[in-house]
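The sequence shown lines up with residues 6 to 255 when you count with my numbering.
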Amino acid sequence: TLEVIADLLIVIKVMYRQVHSICDSKWLMMLAYLVDIFTMLNDLNLSMQGKMFNIFDHSKKIASFKKKITIYKAKVDKGNIDMFLILSEFLEEDDSVNVIDIQKTISSHLNQLSIALNSYFPKDIRDDFKWIENPFTISIENLNFNAVLENQIIELSCDNTYEMKLKNENIVVFWCAVYKEYPELSLNAIKKLLPFPTTYLCEKGFSIMANIKTKKRNRLDVTHDMRISLSDILPQWEVLCKNIQNQPSH
6 TLEVIADLLI VIKVMYRQVH SICDSKWLMM LAYLVDIFTM LNDLNLSMQG
56 KMFNIFDHSK KIASFKKKIT IYKAKVDKGN IDMFLILSEF LEEDDSVNVI
106 DIQKTISSHL NQLSIALNSY FPKDIRDDFK WIENPFTISI ENLNFNAVLE
156 NQIIELSCDN TYEMKLKNEN IVVFWCAVYK EYPELSLNAI KKLLPFPTTY
206 LCEKGFSIMA NIKTKKRNRL DVTHDMRISL SDILPQWEVL CKNIQNQPSH
């Protein structure tokens, strides 16, 4: 927000005497844009953290963000900056500058950001596994399946009960549910859904281990402690308490 920028300026002015560029409206306008774009990147990062995500969920978010950047660049080229809230608010309060002053800079930065995203994510992984997202609408004749998988996906694509289940259930839950009737097809899908889509869970595990296994407890076996810390299963406190003998006061 603008309040954060104002506080930042106060800190910088205290630390440094020469603040001619910081008092420049064009410089501040560029700073406001950077606040907006890094907020978007931070929101994308946070949305990809957590459990029960798969590679298809994250592929959707990456594809969506790449498309947004392309559209934002086209809008900036036309002088439209409504999607950058802080920058828009800054320009409303400061009449001495105009978005035209940094229009080319913003457009160039968005273009470079788009190129960087395409280099990191050149291909949408969903293109090769559309049958996992929706086996009921996929063109089966284009799939490179063996006879067993082909027969199972044909049968599954005609099952209206499972089609309704897919609309109401998570994709992972769905493929686990069809295992009994279509085991080979289910396992093939689960293998693609099982890998961690990001390093978030691994980093969370390392952080928990670092908190438990301190310098003074460096020989501690943290296996069971980490299992409890990382588990979502709530302990059955009533059952645990019943199995423990009360210690009356002496």
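Heads up, the beta-carbon is just placed ideally off N, CA and C, and yes, glycines get one too.
The structure presented is a predicted model; accordingly, all values stated were derived computationally and were not measured.
C-alpha distance - residue i paired with residue j, whole-angstrom precision
{"i": "residue 128", "j": "residue 67", "result": "11 Å"}
{"i": "residue 4", "j": "residue 155", "result": "In the structure displayed, the chain extends from 6 to 255; residue 4 sits before or after that span and is not available."}
{"i": "residue 146", "j": "residue 158", "result": "11 Å"}
{"i": "residue 248", "j": "residue 231", "result": "23 Å"}
{"i": "residue 112", "j": "residue 214", "result": "44 Å"}
{"i": "residue 31", "j": "residue 81", "result": "16 Å"}
{"i": "residue 70", "j": "residue 40", "result": "17 Å"}
{"i": "residue 241", "j": "residue 123", "result": "48 Å"}
{"i": "residue 202", "j": "residue 60", "result": "5 Å"}
{"i": "residue 42", "j": "residue 102", "result": "20 Å"}
{"i": "residue 262", "j": "residue 243", "result": "The structure shown does not extend to residue 262, since the chain is modelled only from 6 to 255, so the question has no answer here."}
{"i": "residue 134", "j": "residue 110", "result": "38 Å"}
{"i": "residue 52", "j": "residue 211", "result": "21 Å"}
{"i": "residue 118", "j": "residue 98", "result": "28 Å"}
{"i": "residue 121", "j": "residue 78", "result": "14 Å"}
{"i": "residue 165", "j": "residue 86", "result": "46 Å"}
{"i": "residue 175", "j": "residue 185", "result": "18 Å"}
{"i": "residue 173", "j": "residue 181", "result": "14 Å"}
{"i": "residue 100", "j": "residue 46", "result": "28 Å"}
{"i": "residue 246", "j": "residue 199", "result": "36 Å"}
{"i": "residue 44", "j": "residue 29", "result": "23 Å"}
{"i": "residue 152", "j": "residue 163", "result": "17 Å"}
Residue span of the alpha helix (DSSP H) that contains residue i, given as start and end
{"i": "residue 167", "result": "165 to 173"}
{"i": "residue 31", "result": "30 to 52"}
{"i": "residue 156", "result": "152 to 162"}
{"i": "residue 232", "result": "228 to 235"}
{"i": "residue 210", "result": "205 to 217"}
{"i": "residue 244", "result": "242 to 247"}
{"i": "residue 102", "result": "Element bounds for residue 102: n/a, residue is neither H nor E."}
{"i": "residue 190", "result": "188 to 198"}
{"i": "residue 60", "result": "60 to 82"}
{"i": "residue 123", "result": "108 to 125"}
{"i": "residue 89", "result": "No alpha helix (DSSP H) contains residue 89, which DSSP labels as neither H nor E."}
{"i": "residue 137", "result": "135 to 138"}
{"i": "residue 201", "result": "Per DSSP, residue 201 belongs to no alpha helix (DSSP H) and is neither H nor E."}
{"i": "residue 178", "result": "176 to 182"}
Neighbourhood of residue i by C-beta distance below 7 Å, restricted to the same chain and skipping five residues each side
{"i": "residue 161", "result": "140, 167, 183, 187, 190"}
{"i": "residue 136", "result": "143, 148, 158"}
{"i": "residue 227", "result": "214, 217, 218"}
{"i": "residue 116", "result": "78"}
Residues near residue i by beta carbon distance below 8 Å, same chain, minus five either side
{"i": "residue 84", "result": "104, 105, 108"}
{"i": "residue 237", "result": "56"}
{"i": "residue 179", "result": "167, 170, 171"}
{"i": "residue 74", "result": "115, 118, 119, 122"}
{"i": "residue 177", "result": "57, 59, 195, 198"}
{"i": "residue 150", "result": "158"}
Close beta carbons around residue i, own chain, < 6 Å, minus the five adjacent residues each side
{"i": "residue 49", "result": "70"}
{"i": "residue 88", "result": "77"}
Near the ligand MN: residue i beta-carbon under 7 Å from a heavy atom
{"i": "residue 137", "result": "In the structure shown, the ligand MN is absent, as is every other ligand, since no ligand is present at all."}
query: Touch check for the region 201 to 210 and the region 36 to 56: three-plus C-beta pairs under 8 Å?
result: yes
- prompt: At a cut of 8 Å, does the region 135 to 155 reach the region 183 to 199 through at least three beta carbon pairs?
  reply: yes
query: Is there contact between the region 33 to 50 and the region 88 to 98, where contact requires at least three CB pairs shorter than 8 Å?
result: yes
message: Does the contact criterion of 3 or more C-beta pairs under 8 Å hold for the region 220 to 228 versus the region 237 to 246?
response: In this structure the region 220 to 228 does not touch the region 237 to 246; the number of beta carbon pairs closer than 8 Å is below three.
message: Using 8 Å as the cut-off, can you tell me whether the region 115 to 130 makes contact with the region 61 to 76, which would need three or more C-beta pairs spanning the two stretches below that distance?
response: yes
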